[in-house]
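Under this note's numbering, the first residue of the sequence shown is numbered 15, with each subsequent residue one higher. We put the beta carbon where it would ideally sit given N, CA and C, even for glycine. Below: one structure, written as structure tokens.
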Amino acid sequence: METSTYARWFRGSTPYISAHRNKTFVVLVPGEAFEHVNLSNMVHDLALLHVLGVRLILVHGGRPQIEQALPESFYHGHRRVTDELAMSTITAVNGQLRTRLEALFSTGLPNSPLHKVDIPVIAGNFITAQPMGILDGVDHLFTGSVRRVEIQRIKNSLDGGALIIQSPVGYSPSGQVFNLPAEEVAAEIAIALQADKLIFFDEVAHLSDDQGQRISTVTPASLEQALATTENANATRLEYLQQAVRRGVTKSHLVPFTDDGALLAELFTAEGIGTQVVEQQHKGIRTATREDVAGIVEVIRPLEESGALVRRERDRLEQEIDNFLVAELDGIVVGCCAVYPYGAQAELACVGVHENYQAGNGVGARLLAAAEETARNNNVNTLFVLTTQTRDWFLEQGFTDASPDQLPEQRQMLYNWQRNSAVMIKEL
Ligand SMILES: CC(C)(COP(=O)(O)OP(=O)(O)OC[C@H]1O[C@@H](n2cnc3c(N)ncnc32)[C@H](O)[C@@H]1OP(=O)(O)O)[C@@H](O)C(=O)NCCC(=O)NCCS
């Protein structure tokens, strides 16, 4: 990557870094991915997420490896019937795959900036399973389904800083081991934890429209419709992703494991690379909370550095957070503004939109509309703003020029003559 491209990419990714911190992601690494040259790159990207403070649970699959070890398997529908001998082979295959992942996370990630990072990996009895039982007269023996996820046990391990690796198996209270579909295990863990993301790596990893173009975002309802009307190679996996969002997971994603860096492209860029399933796109403006402080800082720091905004210390931001509104897109803060009432007048301040989202998305205009509404709700009839570089934009938004002596007295005293900002007002 060229230096300037790299710098642009990195700047664009910074809002996502704070947005993902302390979030819980459940990631499916299917058996097919173990056969691909990208496996170690995937592990590297997952390690990076761990280092950035993402709480990770990886569920591995092993279908192709099990098929190879058990070529004579009997299937009922799309589920393998697992007898005792098959179960012991499956346990061995799962053990090998899990060990391979554990080893990759333990190699010290040579030749990378993460080479000294030590990542604790944990596996355990996190899933209680039950037998599928007899279906259409066929006893599925050791083929099972998820009965319960040990939520607290998982949370304790994540709180301790570990990354969890879960094999597609579960144990019954009587001590039997059951073979489970990895997709179900991942989805059920994500649902039980009400995770922020459920991510499935896959070979062809996006949904396409009629013209063959990638659909980057889809709602569960339109995905359900698409699956009912068109053939799709990853229909089963997409169905799990759709169900997970319906049952409370914030977002789910299908990401290709064949592209190096796909996970990072999906998680750290606005356009993504795969397909995400989300109930609604958060384009709204809302009042800020303390959790937004880091996101607001990401937006305003560069604008402060360029002189467009007056510098605000973080402490002050925290104290005044109730005055702030934030614009959110895809769950990240992309813009903000603050409203400070002075009786019947109010100051509009700290209006800023992250540079990647300026001009074209109307974020600034929507923030202003919400600020005006907030002011009106506080019986304010005049909004004023002090600006050095954005006069034209405020003119377009219905503000007119005014002079510092039209400011409320208290605010006049704080007027910085050296900065010589233009004073603009708007009657509401
Ligand atoms: C000013 C700002 C908040 C507008 O947000 P935005 O989301 O880009 O605004 P909108 O999408 O609603 O409007 C964009 C339009 O305003 C124009 N615009 C943006 N900044 C402008 C400026 N400083 N002067 C004049 N016009 C400007 C854009 O060119 C665009 O025009 P177009 O629609 O013809 O392409 C944003 O550009 C920003 O954060 N600027 C830097 C911080 C700043 O100056 N804040 C004000 C401090 S008082």
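Whose C-beta lies closer than 7 Å to the C-beta of residue i among residues of the same chain, with five residues either side of it excluded?
i    : result
T28  : E312
G145 : Looking at the sequence provided, one finds Pro at residue 145 rather than Gly. Same-chain partners within the cutoff: H154, G158, F192.
A196 : L42, P44, V73, H74, G75, P182
F408 : V399, T401, M438
F413 : V399, M438, I439, K440
Q359 : V394, T396, F398, P422
A33  : G309, G345, I346
Measure the alpha-carbon distance for residue i versus residue j and round it to whole angstroms.
i    : j    : result
A247 : F48  : 19 Å
R300 : M438 : 24 Å
G345 : D406 : 30 Å
G39  : L317 : The sequence given here places Phe at residue 39; Gly does not occur at that position. F39 and L317: Cα-Cα distance of roughly 32 Å.
H90  : Q225 : 36 Å
V68  : D59  : 12 Å
L212 : L237 : 16 Å
E423 : I203 : 58 Å
L70  : T401 : 44 Å
R433 : Q239 : 57 Å
I141 : L207 : 13 Å
M101 : T121 : 30 Å
D132 : G175 : 11 Å
H296 : K265 : Confidence at H296 is low in this model, with a pLDDT of 42, below 50, so the placement of that residue should be treated as unreliable; the coordinate-derived value is given next. If I take the Cα positions, the gap works out to 12 Å.
L268 : L63  : 17 Å
A219 : Q227 : 12 Å
I310 : V340 : 8 Å
G349 : T283 : 16 Å
H368 : V95  : 54 Å
N393 : I31  : 38 Å
A249 : A235 : 14 Å
E198 : V160 : 7 Å
L356 : Q257 : Reading the sequence as shown, one finds Tyr at residue 356 and not Leu. Roughly 49 Å between the two C-alpha positions.
N215 : A363 : The residue asked about is misnamed: residue 215 is Phe in this sequence, not Asn. In a straight line, the C-alpha of F215 is about 43 Å away from that of A363.
F338 : I229 : 34 Å
A389 : L421 : 16 Å
F243 : I148 : Here the sequence assigns Thr to residue 243, which means Phe is not the residue at that position. Using only the alpha carbons, I get a separation of about 31 Å.
L143 : V259 : With the sequence shown as reference, residue 143 is identified as Ala, and Leu is not the correct amino acid for it. Each residue's Cα considered, the two are about 22 Å apart.
Considering only residues of the same chain and omitting the five flanking positions on each side of residue i, which have a CB-CB separation below 6 Å?
i    : result
Y429 : P418
R380 : I299
D365 : It is Val, not Asp, that sits at residue 365 in the sequence shown. Counting only Cβ-Cβ distances below 6 Å, and skipping sequence neighbours, we find C351.
R35  : G67
V41  : L72, I213
Q411 : L382
G45  : G75, G76, R77, P78, Q79
A209 : T38, V40, V263
L278 : D59
Which partner residues does residue i have in the DSSP bridge list?
i    : result
V135 : L177
Y185 : T142, V191
R69  : T38
R94  : Y89
S222 : R228
E441 : T396
T244 : Note: T244 sits in no beta bridge, so no partner.
I213 : V41, H267
H74  : V43
D415 : M438
T401 : A436
Just to check, is the beta-carbon of residue i closer than 7 Å to a non-hydrogen atom of ligand 2?
i    : result
L323 : You won't find ligand 2 in this model; what it holds is ligand 1.
Leaving out five residues before and five after residue i in sequence, what residues of the same chain have Cβ atoms less than 8 Å from its Cβ?
i    : result
E98  : L155, F156
K169 : L207
V307 : R328, L331, E332, I335
V107 : G76, Q79, I80, A83
L221 : R228, I229, V232, L237, A240, N246, L252, L268, T289
I443 : The structure shown does not extend to residue 443, since the chain spans only 15 to 442, so no value can be given for it.
A373 : none
Q426 : P418, D419
I165 : A206, L207
Let me see if you follow: with CB-CB separation under 8 Å, is residue i close to chain D or not?
i   : result
V40 : Judged by its chain identifiers, the structure shown contains no chain D, having just a single protein chain.
*Would the segment 269–289 and the segment 326–334 be scored as touching if the rule is three or more Cβ pairs under 8 Å?*
no
_Within the segment 144–178, ranges of the beta strand (DSSP E) (whole runs, at least 3 residues)_ = Runs of the beta strand (DSSP E) inside the segment 144–178: 158–163.
*Sequence ranges, beta strand (DSSP E) only - wholly within the segment 324–378, length at least 3*: Taken in chain order, the complete beta strand (DSSP E) segments of 3 or more residues contained in the segment 324–378 are 338–343, 346–356, 359–367.
*Say whether the segment 267–280 touches the segment 49–66, bearing in mind that this needs 3 or more beta-carbon pairs closer than 8 Å, one atom from each stretch.*
yes
*Assess, as a yes-or-no matter, whether the segment 173–193 is touched by the segment 126–142 under the definition of 3 or more beta carbon pairs within less than 8 Å.*
yes
*Please list the segments of the beta strand (DSSP E) lying wholly inside the segment 251–300, counting only runs of 3 or more residues, in order along the chain.*
265–270, 289–292
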